[in-house]
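Protein sequence lines correspond, in order, to chains A and B.
When you line the first sequence up against the working numbering, it's residues 2 to 171, in that order.
When you line the second sequence up against the working numbering, it's residues 3 to 129, in that order.
One structure is given below, encoded as structure tokens.
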Amino acid sequence: MRSADNPVRSVTRDALLVALALALSYLERLLPVQALIPLPGVKLGLANLVTLYAVCRLPLPETLGIVLCRCLLGALFGGGITGLMFSLLGGVLAALAMAAAVRGLDRSLSLLGVSMLGAAAHHLGQILASVLTLGSWAPLAYLPALLLSAVAMGAVTAVLAAGIMSRLPE
Amino acid sequence: MSGKRSGLLRPRWGDLAVGLALLLSAALLWAALFSSGAGAGTAVVLRDGEEIARLELRGAGMAEFSPEPGVTIRYGGGRAAFLRSDCPDGVCVRTGWLTRPGQSAVCLPKRLILRIEGEGDVDAVSG
């Protein structure tokens, strides 16, 4: 694999991906999706776009490294310690789910299924985080609606990712 | 080039399975959480998972309860909602009226939960 051949190249690329993920989560906060659907956690998942690219093109440890850096820096920039738990649980679960699913890519799954699974895993992680934060199972009530949104938003992310990847060299 | 892109997005049987599985689990979870036929009997207010108040919803008139300064819950007539909250995201207020047992509105910044319980849940068990 080329990333192993040239460490400078892979460090630079990973740093760029972390920066891109942070910029995308910031951009996403400006989109008024929550004004249309008043549920905590409903969003396009633009930062997951970077994870989706990473699980398709990079080894899993590198993908997890990118997710961890994105979450830590995101918390530093304003998420706080509670925010860190939310983004870590959501981000890592999504990365693991998509890394597992991506093995079926081109055979039994397309990017659509991979991305939907990632979105669902992300929501599951965040619900888990709010269950832990609040010490109550009440947040589980949001999960059905969030799973519906995972199907829709996961498909949107997949279309965006496919558009990006067809334009980027391997 | 465009052939490659459509390859990444060309739906396979697994995509359909993933989509259906997600929709099905949403539906099952929904049914499990909200299928109780009972009307809304009580609204429970929790902070940090601890119950701080129980609001009777069966009266016809509306009343207000303030779990802390800046937050107002309006309840009565079989429903309850966060009327006002000075939390940064306002998700709790936009959740709107809760009318069925199992429904809840969550204010994460203030760690408050408003949850609806059924009419005579306890009676139903003992009876």
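Ideal Cβ placement from N, Cα and C applies to all residues, glycine included.
If you're wondering where the values come from, they're calculated on a predicted model, not measured in any experiment.
Between Ser87 of chain B and chain A, the shortest Cβ-Cβ separation is not below 9 Å. Interface criterion not met: the Cβ of Val103 of chain A is under 9 Å from no Cβ in chain B. Scanning B:Trp32, B:Glu70 and B:Tyr77 for the CA closest to the CA of Asp88 of chain B turns up B:Glu70. Taking Leu59 of chain B as reference, the option from B:Pro90, B:Leu110 and B:Phe67 with the minimal CA-CA separation is B:Phe67. In chain order, Pro140 place their CB closer than 7 Å to the CB of Ser131 of chain A, counting only its own chain and leaving out the 5 sequence neighbours on each side. In the three-state DSSP reduction, Arg71 of chain A falls in the helix class (H, G or I). In the DSSP annotation of this structure, the continuous segment of the beta strand (DSSP E) that includes Gly43 of chain B starts and ends at Ala42 to Arg49. Between Ala121 of chain A and Val152 of chain A, the alpha-carbon positions lie close to 8 Å from each other. Under the three-state reduction of DSSP output, Cys89 of chain B falls in the coil class, being neither helix nor strand. Residues of the same chain with a CB within less than 6 Å of the CB of Gly119 of chain A, apart from the 5 flanking positions on each side, are Asn49, Ala95, Ala98 and Met99 in chain order.
Contact annotation for Ala28 of chain B against chain A: Pro145, Leu148 and Leu149 [CB-CB distance below 7 Å, chain order].
Closer than 8 Å at the C-beta level to chain A, one finds these residues of the segment 82 to 115 of chain B: Asp91, Val93, Arg96, Thr97, Gly98, Gly104, Gln105, Ser106, Val108, Leu110, Arg113 and Ile115. For Gly79 of chain B, not one C-beta of chain A is nearer than 9 Å to its own C-beta. Beta-bridge partners of Ser106 of chain B (DSSP): B:Arg117.
Straight-line measurement puts the Cα of Leu48 of chain B at about 52 Å from the Cα of Val9 of chain A.
Within the same chain, and ignoring the five residues on either side of Ala156 of chain A in sequence, the residues whose Cβ sits closer than 8 Å to its Cβ are Leu113, Ser116 and Met117. For Ala29 of chain B, the uninterrupted alpha helix (DSSP H) run begins and ends at Trp15 to Phe36, by DSSP. At a cut-off of 9 Å, the C-beta of Leu141 of chain A has a neighbouring C-beta in chain B.
Closest by C-alpha distance to Pro13 of chain B, out of A:Leu47, A:Asp107, A:Glu63 and A:Gly92, is A:Asp107. In terms of Cα proximity to Arg117 of chain B, the closest of B:Gly92, B:Ala19 and B:Ile54 is B:Ile54. Only those residues of the segment 13 to 24 of chain B whose C-beta falls short of 7 Å from the nearest C-beta of chain A are listed: Pro13, Arg14, Trp15, Gly16, Asp17, Val20, Gly21 and Leu24. Among the residues of the segment 50 to 76 of chain A, none has a Cβ less than 7 Å away from any Cβ of chain B. Distance between Gly75 of chain A and Leu25 of chain B, taken at the CA atoms: about 31 Å. Met154 of chain A counts as buried, since at least 16 other C-beta atoms from the protein chains shown sit within 10 angstroms of its C-beta.
A check of alpha carbon separations from Arg58 of chain A across A:Leu47, A:Leu25 and A:Val103 identifies A:Val103 as the nearest.
Annotation note: the segment 49 to 110 of chain A contains the following uninterrupted alpha helix (DSSP H) runs of length 4 or greater, listed N- to C-terminal: 61 to 75 and 81 to 102. Residue-level contact by beta carbon fails for Leu57 of chain B and chain A, as no gap is shorter than 9 Å.
Between the C-alpha atoms of Tyr143 of chain A and Leu114 of chain B there is a straight-line separation of about 15 Å. In the DSSP secondary-structure assignment, Ile75 of chain B is bridged to B:Phe67 and B:Phe84.
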